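Asks: So that we are looking at the same thing, I have put the structure below in structure tokens.
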Amino acid sequence: MKFMADDYFGAMLVNVSSIELSIVNLRTGTQAERVKSTVAIGENIYNHEEISFETVGDAVEALRGFLQILKDYGVTHYKLWGSQALSTAPNAEFIRDQLYVRTGLHIEWLSLGEESFVRNEAITLKLDRYRHLVKDHAAIIGLNSGSTTLSFFEHGELVASHNMKLGPVRIKEVLQNLRATAPNPVDVLDDYINSKVDDFYRFLPDEMQTVPNQVMLVGAAPLNAYFIPKGDTSYNLSIKEFNRFCDDVSGASNQYLMERLHLTEENVEIVLPIVLLIKKLLTVVHAEKLHLVNLNVLDGLTTNQGIVAGYHKHHFEKQILAAADDLARRYRVEPNHMNLVRRFALHLFDQLKPLHHLTPRDRLLLQVAAIVHDIGGFIDTHEHYLHSDYVIKQSEMLGLSTEETQIIAAVSRYHSTRTPAEDLAHFRQLDSEKRLVVAKLSAILRIADALDDAHQQTIQRISVSVRTNKVIITVFSDDELSLIRWAFNYKADFFADVFGLQPVLKQRRLHK
Numbered sequence: 001m002k003f004m005a006d007d008y009f010g011a012m013l014v015n016v017s018s019i020e021l022s023i024v025n026l027r028t029g030t031q032a033e034r035v036k037s038t039v040a041i042g043e044n045i046y047n048h049e050e051i052s053f054e055t056v057g058d059a060v061e062a063l064r065g066f067l068q069i070l071k072d073y074g075v076t077h078y079k080l081w082g083s084q085a086l087s088t089a090p091n092a093e094f095i096r097d098q099l100y101v102r103t104g105l106h107i108e109w110l111s112l113g114e115e116s117f118v119r120n121e122a123i124t125l126k127l128d129r130y131r132h133l134v135k136d137h138a139a140i141i142g143l144n145s146g147s148t149t150l151s152f153f154e155h156g157e158l159v160a161s162h163n164m165k166l167g168p169v170r171i172k173e174v175l176q177n178l179r180a181t182a183p184n185p186v187d188v189l190d191d192y193i194n195s196k197v198d199d200f201y202r203f204l205p206d207e208m209q210t211v212p213n214q215v216m217l218v219g220a221a222p223l224n225a226y227f228i229p230k231g232d233t234s235y236n237l238s239i240k241e242f243n244r245f246c247d248d249v250s251g252a253s254n255q256y257l258m259e260r261l262h263l264t265e266e267n268v269e270i271v272l273p274i275v276l277l278i279k280k281l282l283t284v285v286h287a288e289k290l291h292l293v294n295l296n297v298l299d300g301l302t303t304n305q306g307i308v309a310g311y312h313k314h315h316f317e318k319q320i321l322a323a324a325d326d327l328a329r330r331y332r333v334e335p336n337h338m339n340l341v342r343r344f345a346l347h348l349f350d351q352l353k354p355l356h357h358l359t360p361r362d363r364l365l366l367q368v369a370a371i372v373h374d375i376g377g378f379i380d381t382h383e384h385y386l387h388s389d390y391v392i393k394q395s396e397m398l399g400l401s402t403e404e405t406q407i408i409a410a411v412s413r414y415h416s417t418r419t420p421a422e423d424l425a426h427f428r429q430l431d432s433e434k435r436l437v438v439a440k441l442s443a444i445l446r447i448a449d450a451l452d453d454a455h456q457q458t459i460q461r462i463s464v465s466v467r468t469n470k471v472i473i474t475v476f477s478d479d480e481l482s483l484i485r486w487a488f489n490y491k492a493d494f495f496a497d498v499f500g501l502q503p504v505l506k507q508r509r510l511h512k
């Protein structure tokens, strides 16, 4: 069966417990084919074990089959992704190389932040009642094999997104260990889940810990298979219905669950971990109603490709920025300084386009860096930029790849005293092109930060003029700016090294 190939895209995703293919018409969003292979390539990674070479052979066969399906459909645009969980395996890079050598497919590892982001995109565009559900307070709970993401919405806008390293497959492995050692494994497992969720949830803002939420649940495969009618995307479930279901399956035998839920022997072990985890999560988010959503990361990846191709006008950058704002709030970044530096940095970026030739995506990264560059001050104001670097690297930032997070961490590291030129060894993991992006964004952020060095917002606005051998930055202020001049001159040298033009500060008074 042949299509107009330009409209169709094939997305392949290697997960811990399966490999999937989806062929989608990007123009219409219609799915032409969906294939799932139950090759569990990473089932032991949560015990810190390597991916076995035997399962790699099975994965190769599955991917070759997918390539044949793509060929049969005449689809020439396709891509292979690997889940974040799989990328944590000790031999993940060796496996990636073996798959490339044997199939010609190069895996792009996803970050947790990317997985959550594309899943949110799919829910926004494909769930019919989405706008109604998020109009007041709502939460998207996304279950991955080894992690859980909670995204909170208020009046239609995302306000926070947090990841917790606790997922059904990870819990299943804990349960298997408990069954060999504990007399009452289910009770102990319940206590284990409660403690992990409570530790995670206490770091959320107070107002999010008390408001009731409409809950959209993604990734609960056994519940989806049982409740969602074939061909539908979602099913509304009352909390009372869910609790009845929970009571029914909690003490049930595997044989009963296999018959009741139409599960295979391989999948039945995941039911209890999923049910106990969901039950606890629904309690802490004060769920009013549960909406099961049969969309996953693969659906998100095809949706994202449609957005990138220009078939959807909805832009999701606001979610990335909202999540960055939430991270800054968590580390008590001073908002007035942050917002002014952000405004100045974006103005400099826009006015300096002839110099930097950076992309709109780079502008977004600069904006995120301007939001989070001072978060290290929460740990220690002395050399806070070093703390900012490692805190950002350890934060799963919504919508950003691992490489983009590294870029933002590096830009934050160099916004103050150190420069990339003095510290090249620190970001060897980035290629030369990305190092240049770090240098350019750092140079811009350093100037923007210098313009509010005293954190007193004495400069109201700025204008930028690019001359033959210099960049004149005119600041509008009635205040005495000695400290800002000193900081500006100190940070201007690196800007001159990067762009080849010397920044010059001029002051214009607002009231003469």
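Take 1 as the starting number for the sequence shown in the UniProt record's numbering and just add one per residue.
C-beta: ideal position from N, C-alpha, C; glycine also.
As the structure is a computational prediction, the values presented were derived from the model and not from experiment.
Classify D374 as buried or exposed, calling it buried when 16 or more other Cβ atoms lie within 10 Å of its own Cβ.
Replies: The sequence position of residue 374 within the sequence shown is 374, counting from 1. Buried.
Asks: For the beta strand (DSSP E) containing V23, list its first residue and its last residue.
Replies: As a position in the sequence shown, residue 23 is number 23, starting the count at 1. The displayed chain sequence assigns Ile, not Val, to residue 23. Looking at the DSSP string, the run of the beta strand (DSSP E) that includes I23 is I19 to N25.
Asks: With 16 as the cutoff for other CB atoms within 10 Å, does D325 come out buried or exposed?
Replies: Translated into the one-based positions of the sequence shown, residue 325 becomes position 325. Buried.
Asks: Given P90, which residues of its chain have a CB within under 6 Å of its CB, disregarding the five upstream and five downstream residues?
Replies: Here residue 90 refers to the residue found at position 90 when the sequence shown is read from its first residue. So the list reads E50, once near-sequence residues are dropped.
Asks: Could you pull the start and end residues of the beta strand (DSSP E) that S477 belongs to?
Replies: As a working mapping, residue 477 is identified with position 477 in the sequence shown. Where S477 is concerned, there is no enclosing beta strand (DSSP E), because DSSP gives it neither an H nor an E.
Asks: What are the start and end residues of the alpha helix (DSSP H) that includes Q319?
Replies: For this step, residue 319 is matched to residue 319 along the sequence shown. Its alpha helix (DSSP H) spans residues E317 to R330.
Asks: Can you give me the start and stop residues for the beta strand (DSSP E) that M216 sits inside?
Replies: By one-based count along the sequence shown, residue 216 stands at place 216. Note, M216: beta strand (DSSP E), N213 to V218.
Asks: Is it the case that the Cβ atoms of I270 and P222 are separated by a distance below 8 Å?
Replies: For the purposes of this step, residue 270 is identified with residue 270 of the sequence shown, where counting begins at 1. For the purposes of this step, residue 222 is identified with residue 222 of the sequence shown, where counting begins at 1. Yes, Cβ-Cβ distance for I270 and P222 is below 8 Å.
Asks: Please list, in chain order, all residues of the same chain as F476 whose beta carbon is under 6 Å from its beta carbon, the five residues on each side excluded.
Replies: Stepping through the sequence shown from its first residue, residue 476 is reached at position 476. Result list for F476: Q460, R461, R508 and L510, in chain order.
Asks: Compute the Euclidean distance between the alpha carbons of M1 and F66, then round it to the nearest angstrom.
Replies: On the sequence shown, residue 1 is found 1 positions in, with the first residue counted as 1. On the sequence shown, residue 66 is found 66 positions in, with the first residue counted as 1. Because M1 sits at a pLDDT of 48, beneath the cut-off of 50, its placement in the model cannot be relied upon, and the point is left open.
Asks: Would you call the segment 288-301 in contact with the segment 260-275, where contact means no fewer than 3 C-beta pairs closer than 8 Å?
Replies: no
Asks: On the criterion of 16 or more Cβ atoms from any shown chain inside 10 Å, does Q176 qualify as buried, or is it exposed?
Replies: Here residue 176 refers to the residue found at position 176 when the sequence shown is read from its first residue. Q176 should be labelled exposed.
Asks: Distance, Cα to Cα, H315 vs K440?
Replies: The residue labelled residue 315 in the question sits at position 315 within the sequence shown. The residue labelled residue 440 in the question sits at position 440 within the sequence shown. If I take the Cα positions, the gap works out to 26 Å.
Asks: Using alpha carbons as the reference points, say which of L282, P205 and T210 lies closest to F242.
Replies: As a working mapping, residue 242 is identified with position 242 in the sequence shown. Nearest C-alpha to F242: L282.
Asks: For Q394, count neighbouring C-beta atoms within 10 Å of its own C-beta (all shown protein chains included) and say buried if the count is 16 or more, exposed if not.
Replies: Within the sequence shown, numbered from 1, the residue matching residue 394 stands at position 394. Exposed is the call here.
Asks: Which residues bound the alpha helix (DSSP H) around H356?
Replies: Taking the first residue of the sequence shown as 1, we reach residue 356 at position 356. From DSSP, the alpha helix (DSSP H) with H356 extends over K353 to H356.
Asks: Helix, strand or coil for F117, going by three-state DSSP, please let me know.
Replies: For this step, residue 117 is matched to residue 117 along the sequence shown. If DSSP states are grouped into helix, strand and coil, F117 belongs with the helices.
Asks: Return helix, strand or coil for T55, following the three-state DSSP convention.
Replies: Numbered from its first residue, the sequence shown carries residue 55 at position 55. T55 falls in the helix class under three-state DSSP.
Asks: Rounded to whole angstroms, what is the Cα-Cα separation between T55 and V39?
Replies: Residue numbering aside, residue 55 sits at position 55 when the sequence shown is read from its first letter. Residue numbering aside, residue 39 sits at position 39 when the sequence shown is read from its first letter. One C-alpha to the other measures close to 7 Å.
Asks: Determine the DSSP secondary structure at K2, reduced to helix, strand or coil.
Replies: Counted from its first residue, the sequence shown places residue 2 at position 2. Any reading at K2 needs caution, since the residue's pLDDT is 49, under 50, leaving its predicted position unreliable; the model's value is listed next. Three-state DSSP puts K2 in coil, outside helix and strand.
Asks: Does DSSP classify T124 as helix, strand or coil?
Replies: For the purposes of this step, residue 124 is taken as residue 124 along the sequence shown, with counting starting at 1. Correct three-state label for T124: helix.
Asks: Taking only three categories from DSSP, how would you classify A487?
Replies: Counting from 1 along the sequence shown, the entry for residue 487 is found at position 487. Correct three-state label for A487: helix.
Asks: Between the Cα of V211 and the Cα atoms of F494, A139, E396 and K71, which residue gives the shortest distance?
Replies: Within the sequence shown, the letter at position 211 stands for residue 211. Out of F494, A139, E396 and K71, A139 has the C-alpha closest to the C-alpha of V211.
Asks: Use the C-beta contact count for D247: other C-beta atoms within 10 angstroms, 16 or more gives buried, fewer gives exposed.
Replies: Sequence index remark: in the sequence shown, residue 247 carries index 247 (1-based). Here D247 is exposed. Its C-beta has fewer than 16 other C-beta atoms within 10 Å.
Asks: Determine whether the beta carbon atoms of N44 and L112 lie at a separation below 8 Å.
Replies: On the sequence shown, residue 44 is found 44 positions in, with the first residue counted as 1. On the sequence shown, residue 112 is found 112 positions in, with the first residue counted as 1. Their beta carbons are not under 8 Å apart, which means N44 does not touch L112 by this criterion.
Asks: One question on the structure: do V464 and Q351 come within less than 8 Å of each other, judged by their Cβ atoms?
Replies: Along the sequence shown, read from residue 1 onward, the residue named residue 464 stands at position 464. Along the sequence shown, read from residue 1 onward, the residue named residue 351 stands at position 351. Going by C-beta atoms, V464 is nearer than 8 Å to Q351.
Asks: What does the alpha-carbon distance come out to for the pair K491 and Y385?
Replies: Residue 491 sits at position 491 when you count from the first residue of the sequence shown. Residue 385 sits at position 385 when you count from the first residue of the sequence shown. Cα to Cα, the separation comes out at about 15 Å.
Asks: Between the Cα of A92 and those of V16, S145 and E157, spot the shortest distance and give me the residue it belongs to.
Replies: Numbered from 1 along the sequence shown, position 92 holds the residue referred to as residue 92. For the residues V16, S145 and E157, the minimum Cα distance to A92 belongs to V16.
Asks: Taking 6 Å as the limit between beta carbons, can you name the residues of its chain near T149, skipping five residues before and five after?
Replies: Residue 149 sits at position 149 when you count from the first residue of the sequence shown. Leaving aside the five residues that flank T149 on each side, the residues in its chain whose CB is nearer than 6 Å to its CB run, in chain order, S116, G142 and N163.
Asks: Below 8 Å CB to CB, which residues in the same chain sit around F3 once its five sequence neighbours on both sides are set aside?
Replies: As a position in the sequence shown, residue 3 is number 3, starting the count at 1. For F3, the predicted structure reports a pLDDT of 49, less than 50, and the residue's modelled location is therefore unreliable. A value from the coordinates is still provided. Closer than 8 Å at Cβ, skipping near neighbours: N25, A32, Y73, G74 and V75.
Asks: Distance, Cα to Cα, L70 vs S22?
Replies: As a first step, residue 70 must be located in the sequence shown, where it is residue number 70. As a first step, residue 22 must be located in the sequence shown, where it is residue number 22. Whole-angstrom Cα-Cα distance: 10 Å.
Asks: For F203, which residues from the same chain have a beta carbon less than 8 Å from its beta carbon, with the 5 sequence-adjacent residues on both sides left out?
Replies: Along the sequence shown, one-based indexing puts residue 203 at 203. If we look at F203 and ignore the five residues flanking it on each side, its Cβ neighbours are H162 and R330.
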